[in-house]
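Shown next as structure tokens:
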């Protein structure tokens, strides 16, 4: 059994005035629910046994986990509801946050884009306009895509000719994304939908785009599947995703991540390969020789960080710390 005391420190930080001293607030009794400890769950790593008694909580689709979360929420919200100045905090924060917010505008494919939040929206809304003096219109409003406002826009990429944009959506903060395509002149959703995408770039080339994808999880294992065997595909607008062209895979290194980007002149596909949080390889594909032409190794180890800035014919500009002063 524990006791929690709401202090006046938080109140003073956000400018909420209270009549009482914080030491006059009554103590709020909190009784935490028991959490099952599975003593049979163990793994052996390099000869050492490691207990993992709460692994059952990783299955957030199970009834047991749902009951545990519900019990925790009852404790949390039962406590929060008893804080006497909670409504004052809510009122003050609402007042502080309630003002329009704009992103820096950006231009792609002959269009101008910017994000706007009216102040209290869960997600910022993406606007589009043709000219600087034209009236902007809503292109994508993530707030309309879920009742609780937790569907977010995680990536957005415009085709070079400005006809289409591909964007990915995440539900409830999940790493899993779904890629959609929208026609920009009419703000019309296309039939192209690519599900179960994770940790992917969206890079346009002619009438399609490159993206990275792990194997789709089986039903019931959507949040338990391991991130292995990521592949790079090319999707052509208006065609079934089942027909997407496999561009790159590495079956010998299942944990490597692959990120594909097309150079500004659309001559090369640059593939950045990582195996952790530092260091990357760089491979290049000459697209003029075909989408599935062999990749050329530019950086062939994970000892340094490198990224391609641009290409001009056969000349490359690469930002790297290879042989850089330390």
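In our numbering, the protein residues as written are 12 to 337. By construction, the Cβ of each residue, glycine as well, lies at the ideal position given by its N, Cα and C atoms. Every value quoted in this text rests on a predicted model; they were computed, and no experiment measured them.
Asked                                                                                                                            : Found
Pairwise C-alpha distance: residue 248 and residue 80                                                                            : 42 Å
Proximity to residue 182 [Cα-Cα], best of 155, 125, 250 and 246                                                                  : 155
Exposed unless 16 or more other CB atoms sit within 10 angstroms - verdict on residue 292                                        : buried
Residue closest to residue 284, alpha-carbon to alpha-carbon, out of 322, 131, 171 and 223                                       : 223
Chain-order list of residues whose beta-carbon lies under 8 Å from that of residue 50 (same chain, five-residue window excluded) : 62 and 64
Residue(s) in a DSSP beta bridge with residue 220                                                                                : 215 and 246
Where residue 271 falls, given that 16 or more other Cβ within 10 Å makes a residue buried                                       : buried
Sequence-distant residues of its chain with Cβ nearer than 6 Å to residue 338 (five each side left out)                          : Within the shown structure, residues of the chain are numbered from 12 to 337, placing residue 338 beyond reach of any answer.
Outcome for residue 86 when other beta-carbon atoms lying within 10 angstroms are tallied against a minimum of 16                : exposed
Where residue 15 falls, given that 16 or more other Cβ within 10 Å makes a residue buried                                        : Because residue 15 carries a pLDDT of 44, less than 50, the predicted location of this residue cannot be relied on, and the following value inherits that uncertainty. Classification of residue 15: exposed, given that the 10 Å Cβ count is below 16.
As assigned by DSSP and simplified to three states, the class of residue 82                                                      : helix
Straight-line gap, residue 190 to residue 56 (C-alpha atoms, nearest Å)                                                          : 38 Å
Which of helix, strand or coil DSSP assigns to residue 238                                                                       : coil
C-alpha gap between residue 39 and residue 77, whole angstroms                                                                   : 26 Å
For residue 167, the nearest candidate out of 138, 46 and 41 (CA to CA)                                                          : 138
As assigned by DSSP and simplified to three states, the class of residue 260                                                     : coil
Neighbourhood of residue 121 by C-beta, 6 Å cutoff - its chain only, sequence neighbours within 5 removed                        : 173
Residue ranges of each beta strand (DSSP E) within the stretch 257-327, 3 or longer                                              : 268-273, 279-285, 292-297, 306-310 and 317-323
Cut-off 7 Å between Cβ atoms - residues of its own chain near residue 257, not counting five sequence neighbours on either side  : 242 and 244
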